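Peer 1: The structure is given below, and queries will be raised subsequently.
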DNA sequence: TACGTGACTTTGG
DNA sequence: CCCAAAGCCACGT
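Numbering (my numbering), first residue to last: 761 to 866.
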């Protein structure tokens, strides 16, 4: 135990804790993991796309959604969860950004 | 061990 | 608004 969990694994655990209706950015997750520069690795982990991992809640700092051709699909999932969107078609991350102490702290 | 790759972020034009 | 380049770190081969 107490092994050094690869950033890869840490991301999964963190994303899995994001409550519905909230979203987080790659850089923010990386920052929580203690690697403010590992935003790319976070996205890389998402690339695995595990079905157990609601990576749709993980978007860019700008509020835009990544995932290539799946991006528009994830956007619909976020809308179904109650995530607010802007007229620009981007996530209103300013209103639904997951923060420590939010519903996830339950 | 080294190189290549990438679903990011930031700054500048 | 759009585009481009640089910096960054970890994983796979």
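Beta carbons: idealized from backbone N, C-alpha and C, even for Gly.
Given the structure is predicted, the values throughout are model-derived calculations rather than measurements.
For residue 860, which option in 770, 777, 764 has the closest C-alpha, if you only look at C-alpha atoms?
Peer 2: For residue 860, the nearest C-alpha among the options comes from 777.
Peer 1: When the Cα atoms are used, what is the spatial distance from residue 839 to residue 782?
Peer 2: Spanning the two alpha carbons is a distance of roughly 11 Å.
Peer 1: Alpha carbon to alpha carbon, how far is residue 858 from residue 819?
Peer 2: Taking the straight line joining both Cα atoms gives about 11 Å.
Peer 1: Jot down the residue ranges of each uninterrupted alpha helix (DSSP H) in the region 772-820, minimum 4 residues, whole runs only, in chain order.
Peer 2: Taking only runs of at least 4 residues, the alpha helix (DSSP H) segments lying wholly in the region 772-820 are 786-792, 799-806.
Peer 1: Identify every residue that forms a DSSP beta bridge with residue 845.
Peer 2: Per DSSP, 851.
Peer 1: Under 8 Å Cβ to Cβ from residue 795, same chain only, skipping five residues before and after it: list those, please.
Peer 2: The answer, listed in chain order, is 767, 801.
Peer 1: Is residue 797 buried or exposed, if buried means 16 or more other CB atoms sit within 10 Å of its CB?
Peer 2: Burial call: exposed.
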